[in-house]
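Protein chains: 2
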Amino acid sequence: MPERAIGIFDSGVGGLTVLKELLKVLPGEQLYYLGDTARVPYGTKSPGTVLRYAQEAAEFLVQQRVKMLVVACNTASAVAVDALEQRFSLPVVGVIEPGARKAAAVTKNRRVGVVGTEGTIRSGAYSRAIRAVDPNIEVFAAPCPLFVPLAEEGWADHEVAYLTAREYLAPLIERDIDTLVLGCTHYPLLKKTLHQILGPQVQLIDSAAETAHLVAGLLGERNALRSSEVFSPRYFVTDESTRFKRVGGAFVGAELHDVTQVDLEPERETKDSALC
Amino acid sequence: MPERAIGIFDSGVGGLTVLKELLKVLPGEQLYYLGDTARVPYGTKSPGTVLRYAQEAAEFLVQQRVKMLVVACNTASAVAVDALEQRFSLPVVGVIEPGARKAAAVTKNRRVGVVGTEGTIRSGAYSRAIRAVDPNIEVFAAPCPLFVPLAEEGWADHEVAYLTAREYLAPLIERDIDTLVLGCTHYPLLKKTLHQILGPQVQLIDSAAETAHLVAGLLGERNALRSSEVFSPRYFVTDESTRFKRVGGAFVGAELHDVTQVDLEPERETKDSALC
Chain U
5 MPERAIGIFD SGVGGLTVLK ELLKVLPGEQ LYYLGDTARV PYGTKSPGTV LRYAQEAAEF
65 LVQQRVKMLV VACNTASAVA VDALEQRFSL PVVGVIEPGA RKAAAVTKNR RVGVVGTEGT
125 IRSGAYSRAI RAVDPNIEVF AAPCPLFVPL AEEGWADHEV AYLTAREYLA PLIERDIDTL
185 VLGCTHYPLL KKTLHQILGP QVQLIDSAAE TAHLVAGLLG ERNALRSSEV FSPRYFVTDE
245 STRFKRVGGA FVGAELHDVT QVDLEPERET KDSALC
Chain F
5 MPERAIGIFD SGVGGLTVLK ELLKVLPGEQ LYYLGDTARV PYGTKSPGTV LRYAQEAAEF
65 LVQQRVKMLV VACNTASAVA VDALEQRFSL PVVGVIEPGA RKAAAVTKNR RVGVVGTEGT
125 IRSGAYSRAI RAVDPNIEVF AAPCPLFVPL AEEGWADHEV AYLTAREYLA PLIERDIDTL
185 VLGCTHYPLL KKTLHQILGP QVQLIDSAAE TAHLVAGLLG ERNALRSSEV FSPRYFVTDE
245 STRFKRVGGA FVGAELHDVT QVDLEPERET KDSALC
């Protein structure tokens, strides 16, 4: 069991921020990363569709015989972690629990903001997870749909990102939050811009780092840690790899090698006959 | 034949700008519109993946016995029109040809700009189509990946859209273009902002209107026009319809009724056994 890989998946490149943290904390583990780049993004799609995609992604990784699943996507974590745990006999770690626990631990005035995709915010998953730790915490959430395309365009520190963030964050600043959860794996790239707007009195919670620590802890408890060699991650994508390598490289801070294109959709019959 | 519907497809809501023009020009036609909202967008995906999605979308519409296919998506038009024409014995109209012809007709200084998604610009389809009409025209192209999310966020007239457009258009302004092709079905929503930046001396070409005129002409030539009743469009989407209705309503300028969710992916087997 320890010698098996850890399976990580996301809709695209965003989950690479989680992979990067896992590489720091667990350099002796083999990581398999699946980005569903043919169907990205998940954040604007319905819970039913995201659940189906997450199940197909998880199934692929389970077939690669991984020892654990990390759902490195907030939208998928919000709707799929419980279902995946029931379906596969493997530990499944999402990014919402770890970020929520950390936020509940660090807030002093018990006023926490959460930013994320439409899907994540609409699910209310962070709010529930934070208030499960401490029901006296007030949670204020704001969807920020433009943050992902801004990060992918490489404009995280651009004036446009600053103006966009100022508008999205205004209602949270009004609520006097002292903690902000970055509830989307892309958002750590915007940290500098968010800090500029919120000031040093608001602490930013990056789920990626918290998730990596939780994964290490769980594997330790189960004596499933591996530590002998240093492995390079293997990457799987559902679209061609060119864009994944280009945009994803900036997320990991290194070139991405060993990228394979795979198909998560079931076998299709070829129907070549004209129908009318 | 005349009594059959016209089939229109796009990755999501963008093609509704084409549907809107068709409703104006051909009020007596029944329109079927398919938005592949479970896999939107196409603009950042590879030609191979976009071609596969376009074939699945076209097949669905052909099964509904439409008399013509309108590819109301620039990215799909750039890679799929020829393949669809070969596969189905139906007229297939894309949005690139009509926009390109109009641009070639109106430019005076023979310096034409084209804006579009990464996929459309990378394909070079507009450049080829414009220079097929007049090889002496110089074409300058710029991908504008943030325009689609800005339009969908309802920020088309926002300061953020203005700053973004100013940056994207700067290299085209430097080239002294007198004509700009809006090479993405979302972009007509940004017309006001683009006019502000480019000034009145640059003419904006909206492929949606040109495409509707071409469709009317083709149906007329074939005696396939229908004119008796007034029909409401039928909409098909691959994700749940909530977001489509909300965002799409702004594109058509009316509420969207009669929206049905369909599945374009082949039948999947249920595999419920845990694999490890």
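As you go down the protein sequences, you meet chains U and F in turn.
Numbers given in the working numbering equal positions in the first sequence, counted from 1, plus 4.
Numbers given in the working numbering equal positions in the second sequence, counted from 1, plus 4.
We put the CB at the ideal spot given by N, CA and C, even for glycine.
Would you tell me roughly how many angstroms separate the C-alpha atoms of residue i and residue j, rounded to the nearest one?
{"i": "residue 196 of chain F", "j": "residue 81 of chain F", "result": "25 Å"}
{"i": "residue 148 of chain F", "j": "residue 221 of chain U", "result": "43 Å"}
{"i": "residue 242 of chain U", "j": "residue 180 of chain U", "result": "42 Å"}
{"i": "residue 116 of chain U", "j": "residue 198 of chain U", "result": "15 Å"}
{"i": "residue 113 of chain F", "j": "residue 168 of chain F", "result": "26 Å"}
{"i": "residue 275 of chain F", "j": "residue 39 of chain F", "result": "Here the model assigns residue 275 of chain F a pLDDT of 44, short of 50, so the residue's position is not dependable, and the following value carries that caveat. If you take the alpha carbons of residue 275 of chain F and residue 39 of chain F, they lie about 28 Å apart."}
{"i": "residue 160 of chain F", "j": "residue 173 of chain F", "result": "15 Å"}
{"i": "residue 128 of chain F", "j": "residue 119 of chain U", "result": "38 Å"}
{"i": "residue 202 of chain F", "j": "residue 178 of chain F", "result": "11 Å"}
{"i": "residue 194 of chain F", "j": "residue 151 of chain F", "result": "8 Å"}
{"i": "residue 277 of chain U", "j": "residue 91 of chain F", "result": "Its pLDDT being 37, under 50, residue 277 of chain U is placed unreliably by the model, and the measurement read from it follows with that caveat. Going by the C-alpha atoms only, they are around 8 Å apart."}
{"i": "residue 283 of chain U", "j": "residue 244 of chain U", "result": "Shown here, chain U extends from 5 to 280; a query on residue 283 of chain U therefore has no answer."}
{"i": "residue 280 of chain F", "j": "residue 9 of chain U", "result": "For residue 280 of chain F, the pLDDT reaches just 32, beneath the cut-off of 50, and the residue's location in the model is therefore unreliable, although a value from the coordinates is still provided. Distance between the alpha carbons of residue 280 of chain F and residue 9 of chain U: 13 Å."}
{"i": "residue 50 of chain F", "j": "residue 254 of chain U", "result": "20 Å"}
{"i": "residue 26 of chain U", "j": "residue 249 of chain F", "result": "40 Å"}
{"i": "residue 122 of chain F", "j": "residue 217 of chain U", "result": "37 Å"}
{"i": "residue 35 of chain U", "j": "residue 142 of chain U", "result": "37 Å"}
{"i": "residue 162 of chain U", "j": "residue 162 of chain F", "result": "16 Å"}
{"i": "residue 126 of chain U", "j": "residue 200 of chain U", "result": "27 Å"}
{"i": "residue 236 of chain U", "j": "residue 94 of chain U", "result": "23 Å"}
{"i": "residue 28 of chain F", "j": "residue 132 of chain F", "result": "30 Å"}
{"i": "residue 225 of chain U", "j": "residue 265 of chain U", "result": "34 Å"}
{"i": "residue 20 of chain F", "j": "residue 140 of chain F", "result": "33 Å"}
{"i": "residue 258 of chain U", "j": "residue 232 of chain U", "result": "23 Å"}
{"i": "residue 215 of chain F", "j": "residue 135 of chain F", "result": "19 Å"}
{"i": "residue 187 of chain U", "j": "residue 24 of chain F", "result": "37 Å"}
{"i": "residue 144 of chain U", "j": "residue 223 of chain F", "result": "54 Å"}
{"i": "residue 89 of chain U", "j": "residue 89 of chain F", "result": "46 Å"}
Opposite residue i in the DSSP bridges: which residues?
{"i": "residue 161 of chain U", "result": "None; residue 161 of chain U has no bridge partner."}
{"i": "residue 96 of chain U", "result": "U/73"}
{"i": "residue 147 of chain F", "result": "F/120"}
{"i": "residue 10 of chain F", "result": "F/35, F/72"}
{"i": "residue 142 of chain F", "result": "F/115"}
{"i": "residue 183 of chain U", "result": "U/116, U/207"}
{"i": "residue 265 of chain F", "result": "F/241"}
Are residue i and residue j touching if we call contact CB-CB under 8 Å?
{"i": "residue 281 of chain U", "j": "residue 18 of chain U", "result": "In the structure as shown, chain U begins at 5 and stops at 280. Residue 281 of chain U is therefore absent and cannot be evaluated."}
{"i": "residue 48 of chain U", "j": "residue 247 of chain F", "result": "yes"}
{"i": "residue 96 of chain U", "j": "residue 85 of chain U", "result": "yes"}
{"i": "residue 251 of chain U", "j": "residue 156 of chain U", "result": "yes"}
{"i": "residue 260 of chain F", "j": "residue 239 of chain F", "result": "yes"}
{"i": "residue 228 of chain U", "j": "residue 31 of chain U", "result": "no"}
{"i": "residue 256 of chain F", "j": "residue 72 of chain F", "result": "no"}
{"i": "residue 79 of chain U", "j": "residue 37 of chain U", "result": "no"}
{"i": "residue 111 of chain F", "j": "residue 182 of chain F", "result": "yes"}
{"i": "residue 138 of chain F", "j": "residue 108 of chain F", "result": "yes"}
{"i": "residue 87 of chain F", "j": "residue 55 of chain F", "result": "yes"}
{"i": "residue 74 of chain U", "j": "residue 22 of chain U", "result": "yes"}
{"i": "residue 130 of chain F", "j": "residue 185 of chain F", "result": "yes"}
{"i": "residue 44 of chain U", "j": "residue 76 of chain U", "result": "no"}
{"i": "residue 192 of chain U", "j": "residue 146 of chain U", "result": "no"}
{"i": "residue 170 of chain F", "j": "residue 33 of chain F", "result": "no"}
{"i": "residue 153 of chain U", "j": "residue 153 of chain F", "result": "yes"}
Which of the residues in the stretch 32-44 of chain U, read from start to end, lie with their CB under 9 Å from any CB of chain F? 41, 42, 43, 44
Cβ-based contacts, 9 Å cut-off: residues of the stretch 42-66 of chain F near chain U: Listed by position along the chain: 42, 43, 44, 45, 48, 49, 50, 51, 52, 53, 56, 57, 60, 63, 66.
Scan the stretch 100-121 of chain F for residues whose Cβ lies nearer than 7 Å to a Cβ of chain U and list them as they occur along the chain. none
Counting beta carbon pairs with one atom in the stretch 95-103 of chain F and one in the stretch 210-220 of chain F, are three or more of them shorter than 8 Å? yes
If contact is defined by three or more beta carbon pairs under 8 Å, each pair taking one atom from either stretch, is the stretch 58-78 of chain U in contact with the stretch 6-21 of chain U? yes
In the stretch 138-157 of chain U, which residues sit with their C-beta less than 9 Å from some C-beta in chain F, listed in chain order? Listed in sequence order: 149, 150, 152, 153, 154, 156, 157.
Could you list the residues in the stretch 163-174 of chain F with a C-beta less than 7 Å from some C-beta on chain U, going in chain order? Of all residues in the stretch 163-174 of chain F, 163, 164, 167, 168 have a Cβ within less than 7 Å of some Cβ in chain U.
Give me the subset of the stretch 213-235 of chain F whose CB atoms are less than 9 Å from a CB atom of chain U, sorted by chain position. Close to chain U, meaning a Cβ-Cβ distance shorter than 9 Å, is no residue of the stretch 213-235 of chain F at all.
Below 8 Å between beta carbons is the criterion; list the residues of the stretch 14-29 of chain U that meet it against any residue of chain F, in chain order. none
Please identify, using Cβ separations under 8 Å, the residues of the stretch 245-269 of chain U that lie next to chain F, in order along the chain. 246, 247, 269
Beta carbons nearer than 8 Å to chain U: which residues of the stretch 74-103 of chain F have them? 91, 92, 93, 94
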